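Reading through the structure tokens given below for one structure.
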Amino acid sequence: MHKKLWNKDYILLLQGNTVSAIGDLMYSVAIGYWVYQQTGSSALMGIMSSISMFVTMFFSPVCGSIVDKCNRKWLIVGIDVMQGVLMLAVGLLAYFNSLSVPVVLLAALAAAFGSVFYSPAVSTLMLDIIPRDDMVRGQSVFSGVSSLINLAGSALSGVMVAFLGVPLIVVINGLSNLYSAASELFIRVPRTLQQGTQVTAGGLLRDMGSAMKTIFADGCLRLFVPCALLLNLLGAGPLTLALPFCMEKGFNVDAYGYFMAVYMVGSLLSVLVLGIVKLPPKARFWVMALGFTSSVLFFTLTYFSVDFLPMCVFLFLSALTNAAGNAVFNAALMLALPQENRSAILGFINSAACGGTALSAVIYGFLGDVFPLYLVFAAGSILSLLPMIYMCFHKQTKAFILSHCE
798 MHKKLWNKDY
808 ILLLQGNTVS
818 AIGDLMYSVA
828 IGYWVYQQTG
838 SSALMGIMSS
848 ISMFVTMFFS
858 PVCGSIVDKC
868 NRKWLIVGID
878 VMQGVLMLAV
888 GLLAYFNSLS
898 VPVVLLAALA
908 AAFGSVFYSP
918 AVSTLMLDII
928 PRDDMVRGQS
938 VFSGVSSLIN
948 LAGSALSGVM
958 VAFLGVPLIV
968 VINGLSNLYS
978 AASELFIRVP
988 RTLQQGTQVT
998 AGGLLRDMGS
1008 AMKTIFADGC
1018 LRLFVPCALL
1028 LNLLGAGPLT
1038 LALPFCMEKG
1048 FNVDAYGYFM
1058 AVYMVGSLLS
1068 VLVLGIVKLP
1078 PKARFWVMAL
1088 GFTSSVLFFT
1098 LTYFSVDFLP
1108 MCVFLFLSAL
1118 TNAAGNAVFN
1128 AALMLALPQE
1138 NRSAILGFIN
1148 SAACGGTALS
1158 AVIYGFLGDV
1168 FPLYLVFAAG
1178 SILSLLPMIY
1188 MCFHKQTKAF
1198 ILSHCE
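In case it helps, my numbering puts the sequence shown at residues 798 to 1203.
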């Protein structure tokens, strides 16, 4: 019998992640604003934003291998409980005026170690509960809900910080994680091929070696991993520093909220369309290739814009095209992963992507303390155009997209 996209497990996972994402968004806006107000340093914001990425970069391959051997249901539930308790503790410190920048950084580090297990567990679980021929639609709905949450949250971020205050927002984030854990208790999670296998240092090394061999043996993955590192290094940093960028342009925190809301509208519209329309294979390739390359041009125009309206228009087009490219590419990538060690392989891919993003956030942060952020952002965007064109229109990329459609 054909498996439906909207099955019970998919709905429960979507619901749990939705509530958790609402809390995470509120927390990231509030704590980012708090840190910037305390220090006024874009470099420190870049460091804070990059902590989770560096953890992913260095530990994702190992954690992915461990996830393949664990019961993913209890892993996901346990991490949500841990994150919830952590956020409640941070909220209490903020309420009693005992919160400090080092404490925020330590909390970010602890949460990052939870996320490095959580992400591959959820990503591989989606492969088991979404029908293969509906992977683009299923992931697009997931992304669309996330974008909708980010849209509403970003638009109201300034109001939430002013009205609710940092302590209450952090507590709400903790409660949202606990609710997510309760929802995930009812998901039926299939066993992985390696589930129950003893976790040993030798076994982890063998798994990582096997994953690396798979990556280097596959011409497409051999192309994508270094490209992901380079492209994220050049282009990912600006979004982590959008708040100081807006303030440097002369806008306030409310304008920053609207700015990010525009980005989310573009992303949301893109994934909603892809969640409804089932594209033929050739159309998927062109959506991916043209989406990625045109987004680089629109991002560059965003950074050079002086007035708020044209800046938002170009940002909307950037988000629209970039989200379309990502939706198609990520769906094909997930379908290409072999079942026996897909978390480990996904760990290496995430390591390269997050490594580039983490380094990008730090580099752009320090450069932003010396040069105008818009010039630094634009230079990075322009430099990323050539490797983006090379990856998107490489013959192996086209063959990869066409051969992993269902």
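All C-beta atoms in this analysis are idealised placements derived from N, C-alpha and C, irrespective of residue type, glycine included. Predicted model only: the values in this text are computed from it and were never measured.
Assuming residue i and residue j form a contact by the criterion Cβ under 8 Å, report the distance between their Cβ atoms to the nearest whole angstrom.
i: Pro917; j: Cys860; result: 7 Å
i: Gly1034; j: Ile1160; result: 7 Å
i: Gly1016; j: Gly881; result: Gly1016 to Gly881, Cβ: 43 Å. No contact.
i: Ile848; j: Ala909; result: 6 Å
i: Ser1092; j: Ser1115; result: 5 Å
i: Met1185; j: Thr1090; result: 6 Å
Out of curiosity, what's the CA-to-CA distance linking residue i and residue j?
i: Met798; j: Thr1118; result: Per-residue confidence for Met798 stands at a pLDDT of 46, beneath the threshold of 50, marking its modelled position as unreliable; no derived number is given.
i: Ile1179; j: Gly1063; result: 21 Å
i: Leu822; j: Tyr1100; result: 24 Å
i: Trp831; j: Met1057; result: 18 Å
i: Asn1049; j: Phe1168; result: 20 Å
i: Asn894; j: Met884; result: 15 Å
i: Phe1126; j: Lys1046; result: 33 Å
i: Met1085; j: Ala1121; result: 6 Å
i: Ile879; j: Ala907; result: Here residue 879 turns out to be Met, not Ile, going by the sequence shown. Taking the straight line from one Cα to the other gives about 9 Å.
i: Asn804; j: Val874; result: 20 Å
i: Pro928; j: Cys1151; result: 28 Å
i: Phe1174; j: Leu1036; result: 10 Å
i: Tyr807; j: Arg985; result: 10 Å
i: Ile1142; j: Pro1078; result: 24 Å
i: Leu1065; j: Ala818; result: 15 Å
i: Leu982; j: Gln835; result: 39 Å
i: Ala1039; j: Asp1051; result: 12 Å
i: Gly1000; j: Gly1006; result: 10 Å
i: Val913; j: Cys867; result: 14 Å
i: Leu961; j: Leu889; result: 14 Å
i: Asn974; j: Pro858; result: 25 Å
i: Leu809; j: Ala1133; result: 25 Å
i: Gly813; j: Gly820; result: 11 Å
Helix, strand or coil, according to DSSP, for residue i in the structure here?
i: Asp821; result: helix
i: Ala1033; result: coil
i: Gln991; result: coil
i: Thr997; result: coil
i: Ile969; result: helix
i: Trp1083; result: helix
i: Met798; result: Below a pLDDT of 50, predicted positions are generally treated as unreliable, and Met798, at 46, falls in that range; the measurement from the model is reported next regardless. Note: Met798 maps to coil in three-state DSSP.
i: Leu924; result: helix
i: Phe1190; result: coil
i: Leu906; result: helix
i: Asn804; result: coil
i: Leu1038; result: coil
i: Phe1048; result: coil
i: Lys1075; result: coil
i: Val938; result: helix
i: Ser1102; result: coil
i: Ile828; result: helix
i: Asp1004; result: helix
i: Phe1163; result: helix
i: Lys1195; result: helix
i: Leu1170; result: helix
i: Ile1146; result: helix
i: Asp1015; result: coil
i: Phe770; result: Lying before the first or after the last residue shown, residue 770 is absent from the chain, which here runs from 798 to 1203.
i: Leu896; result: coil
Going by C-alpha to C-alpha distance, which of the options sits closest to residue i?
i: Leu1071; options: Ala1124, Val1022, Leu1040, Lys1079; result: Ala1124
i: Gly1149; options: Val938, Met1131, Val986, Cys1024; result: A small fix is needed here, since residue 1149 is Ala in this sequence, not Gly. It is Cys1024 whose Cα lies nearest to the Cα of Ala1149.
i: Val1110; options: Tyr976, Met1188, Tyr1060; result: Tyr1060
i: Leu1018; options: Met1188, Tyr807, Ile819; result: Met1188
i: Pro964; options: Pro858, Ser862, Val901, Phe1013; result: Val901
i: Leu841; options: Phe856, Ala1196, Leu1164; result: Leu1164
i: Phe1095; options: Tyr976, Gly1144, Leu1182, Val1022; result: Leu1182
i: Gln991; options: Ala1129, Val1103, Val864; result: Val864
i: Gly1153; options: Leu1040, Val852, Ile819, Ala818; result: Val852
i: Arg988; options: Tyr1053, Lys870, Ala1052; result: Lys870
i: Ala1176; options: Ser973, Ala979, Leu1031, Phe1021; result: Leu1031
i: Ala891; options: Leu1199, Phe914, Ala827, Thr1194; result: Ala827
i: Ile876; options: Ala1080, Leu1026, Val919, Gly888; result: Val919
i: Tyr824; options: Lys801, Ala905, Ala979; result: Ala905
i: Cys1043; options: Tyr1171, Phe856, Gly1088; result: Tyr1171
i: Ile966; options: Thr921, Ser980, Leu1002, Gly829; result: Gly829
i: Ala1158; options: Ile844, Phe855, Lys801; result: Ile844
i: Leu1106; options: Arg1081, Met1131, Tyr1053; result: Tyr1053
i: Ala978; options: Leu896, Leu872, Gly1144; result: Leu872
Which residue marks the beginning of the alpha helix (DSSP H) containing residue i, and which one marks its end?
i: Arg869; result: 869-892
i: Phe1105; result: 1105-1133
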